[in-house]
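Reading through the structure tokens given below for one structure.
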Amino acid sequence: MFSRQLGVMLYVDDVNKEKAFWQSIGFTILNECQVMDYDQFEMKPTPESDVLFTIYDKAFIRQVSPEVVDFMPSILFETDTIYELQEKVASVTSTASAVNKEPFLNFNFRSPSGHFYAVKGNE
Numbered sequence: 048m049f050s051r052q053l054g055v056m057l058y059v060d061d062v063n064k065e066k067a068f069w070q071s072i073g074f075t076i077l078n079e080c081q082v083m084d085y086d087q088f089e090m091k092p093t094p095e096s097d098v099l100f101t102i103y104d105k106a107f108i109r110q111v112s113p114e115v116v117d118f119m120p121s122i123l124f125e126t127d128t129i130y131e132l133q134e135k136v137a138s139v140t141s142t143a144s145a146v147n148k149e150p151f152l153n154f155n156f157r158s159p160s161g162h163f164y165a166v167k168g169n170e
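Per my numbering, residue 48 is the first one in the sequence shown, and the count goes up by one each step.
Right, here's the structure in full:
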């Protein structure tokens, strides 16, 4: 049986920029370490979240698993405070869109590595 925990692996060009970005919009940073001289860290949207993101340096992934280095999942976050979260994200990146009302409350943004993320409002 699968557990309720879910892990997502993200591959980035600059681990430290990613860490600073996600931390600035409220993610909890966990378990920072180095593997084979490459930085990596884990993070959660909230401390009690069942989703754990592990951020790896693309150079590391090229060495250990080159067939997946360019893969990027499509990630949709959810929030009960979409307008406040959009303001917070927009304060740290110029890539945050305005909140759209169709087909549901949503906005999107890019991380420092250029990965695209969407946010759905539960309001």
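Every residue gets a Cβ at the ideal spot worked out from N, C-alpha and C, and that includes glycine.
Just so we're clear, the structure is a prediction, and the values are computed from it rather than from any experiment.
Next item on the list: Ignoring anything shorter than 4 residues or poking outside the segment 123–156, list the alpha helix (DSSP H) runs there in chain order.
Entry: Runs found: 129–137.
Next item on the list: Could you tell me the distance, in whole angstroms, from the CA atom of residue 169 to the CA atom of residue 109?
Entry: 38 Å
Next item on the list: Reducing DSSP to helix, strand and coil, say where residue 78 ends up.
Entry: In the structure shown, the three-state DSSP call for residue 78 is strand.
Check: With distances taken between CB atoms, is the gap from residue 163 to residue 133 smaller than 9 Å?
Finding: Contact: no.
Checklist line | 9 Å Cβ cutoff met for residue 26 and residue 100 | finding: No information on residue 26 is available, as it lies outside the stretch 48 to 170 that the chain covers here.
Item checked: For residue 87, three-class secondary structure by DSSP -> strand
Note to self: By alpha-carbon positions, which one of 157, 104 and 127 ends up nearest to residue 63?
What the structure shows: 104
Check: Do you know offhand how far residue 49's Cα is from residue 98's?
Finding: 13 Å
Notebook entry, point to check: So, helix, strand or coil for residue 19, using DSSP?
Noted result: Since the first residue shown for the chain is 48 and the last is 170, residue 19 is missing from the structure and cannot be characterised.
Notebook entry, point to check: From residue 139 to residue 70, what does the alpha carbon distance come to, in whole angstroms?
Noted result: 11 Å
Next item on the list: Look at the Cβ atom of residue 59, then the Cβ atom of residue 158, and state whether they are nearer than 9 Å.
Entry: yes
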